[in-house]
Every structure is written in structure tokens, then in C-alpha cells.
Amino acid sequence: MLTGVAETEQDREPGGRPRAYRVAELAEAAGVSVRTVRFYRERRLLQPPRKEGRIAWYGDEHLARLRLIAELLDRGHALGGIAELIGAGEDGRDVAELIGLRAALVAPWSDETPVHLGWDELRAAFGDQLTEANTAESVAQGYITVDPDGITHVSRRLMDATVALVGEGVPLAAVLDVSRRASEYADAMADVFVALVRDHVFGALARVRDLAPAEAARLTEQVERVRPLARAVNEAQFALAMDRRVRAEYDRLTGR
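FYI, in the UniProt record's numbering the residues of the sequence shown are 1 to 256.
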């Protein structure tokens, strides 16, 4: 599980037998110096060689380990972190957890900041529309929690938009009704995008506990690249849909 790099045909002797390397041969095959190989041995990043008298023999597993270390170094991992990853795999711990893959996946995809409003502020914003029914609906949608001194909304932007719409004459109950329906459509959009990425990008997650460190690192970087695409797709699709709908509604209202 810890090799992380596939061996090539050049890594095997004629007839398919695994190669055996002296330290200089191993270093040359891995593209590193003999001093680096010995340093990795001292740091226990490289497995002990097989000894025959005074000769130390290394095998394909050592070459794969050196290639793995080089790949992780290229990805920005420090030697201390690489040692922990290798140790995790050997101890049966979750390499994907240590590499940051799980954290990258389950981290919040939004950058919304909560906002707290006192009852006086709420009454000033909503007047007699600040009813028990509207408050209960907001709680049911998961947007607010009620405190003795007011409410906390999960999104300052959504709260500001709600206040602005009510200020434009839209009833709060109507805003909440649209919010519920929009949330359902947003969930459907998220389902579509998650299915796309799951089926065509993150198939390896089905065997996440068996991922080699290099593969987990690659997936972690891929997650970070894909995350902003979800927002870009959603914003672009919504804006284009608004273009279509507003034009159609204008034509309907003007009798075109």
C-alpha cells in the first residue's frame, strides 16, 4: 500500500524476477545520491536492506519508496510529514486522514459568516411581520437559532438580502417561501455536481482506506482545485437562467 509508484519493466531482471541493487545502483535508479539513500535510512524513511555478509542488497520495494518520497517532496510535504505518512501506512492507520484528504472534502464549501441580531433590530427591520410563524419557519429551514436576546443567522449575506427584500415591500412570509423552494433547488444542483465529480473524478474514494500516500496527496490537491468549480458552475447557471426568465417575463408582461 505504501509504494505509491508503479514499478517499470526496467525495475525487473530478465525473466520477471525482482531486481536486487547495491546502494549505488539503487541511488542511480532512483535519481538520488548515495548520501541521500543513507540519510533516508538513518531517518527510517527507507526499509532496512537485506544483508549478505558485508553487502547490503536493496529491492524493488526500496526503489518504490524512494520514488514515493520524491513525489511527496515535489508536492510540498516535509520529511517529517512523510515519515508520519509512511508510519501510518505501516501501522494500519488512515493515510488519507493524515494527508488532509478527509479535511479537504468535508471542510465547509461556503464562506458564509453568521450574524447576530437583537430583538430590537429585528422589530425595526420586520415590524409586525416578526411573527411566531415566520420565526418558526426560519428555524425549520435551518437558517436561524433563537437566543434570549435575539437570533443568529447562519449567513450574513442571506440575512441582509432578506431585510432588503422586505424593505422593498416583499412580505417576509413570501421571502421565506421562496427561500424554502430555492434551498430544494440548490440541493438538487449540489446532488448533480457531487454525482458528476464522484463518478468521473473521485472514484478512488471508494477505497479511501487503501490509498497510498502519493495517491491521497494527489486527490487532496484535486479536491482543492474542484471546490471553486462548484460555485462557478452554480453562479453561472443561475445568472444565465435569470437572463432567460427575466426576458421571458418582461415579454409576457408587455404583451410581446
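Each residue gets a CB set at the ideal place from its N, CA and C atoms; glycine is no exception.
For residue i, report the span of its beta strand (DSSP E) as first-last.
i	result
W57	I55 to W57
H153	G150 to H153
Does DSSP classify residue i as helix, strand or coil?
i	result
Y185	helix
L117	strand
D147	strand
R244	helix
E52	strand
G81	helix
G92	For G92, the predicted model reports a pLDDT of 48, less than 50, meaning its position is unreliable; a value from the coordinates is still stated below. Three-state result, G92: coil.
E28	helix
L219	helix
G16	Low confidence applies to G16: its pLDDT is 49, below 50, so where it sits in the model is not reliable, and the reading given next is rough at best. Correct three-state label for G16: coil.
A239	helix
A173	helix
G255	coil
Q47	coil
E112	coil
R75	coil
R33	Correcting the residue type first, residue 33 is Ser in the shown sequence and not Arg. Coil.
E249	helix
A64	helix
A125	helix
A107	coil
Look at residue i and residue j and say whether their C-beta atoms are less than 8 Å apart.
i	j	result
L158	Y143	yes
W119	D149	yes
R67	A24	no
V226	V246	no
E112	S155	yes
A83	L45	yes
H153	P108	no
R22	D60	no
Can you round the beta-carbon distance between residue i and residue j to whole angstroms, since I take them to be within the 8 Å contact cut?
i	j	result
R43	L79	7 Å
S183	Q141	7 Å
F193	L219	Contact doesn't hold; Cβ gap of about 17 Å is too wide.
P49	W57	6 Å
N134	L172	5 Å
What does DSSP give as the partner residues of residue i in its beta bridges?
i	result
Y21	Y58
R227	Paired residue(s): none; R227 is not in a bridge.
Along the alpha helix (DSSP H) that carries residue i, what are the first and last residues, could you check?
i	result
E132	E132 to A140
G167	R156 to G167
F202	Where F202 is concerned, there is no enclosing alpha helix (DSSP H), given that its DSSP letter is neither H nor E.
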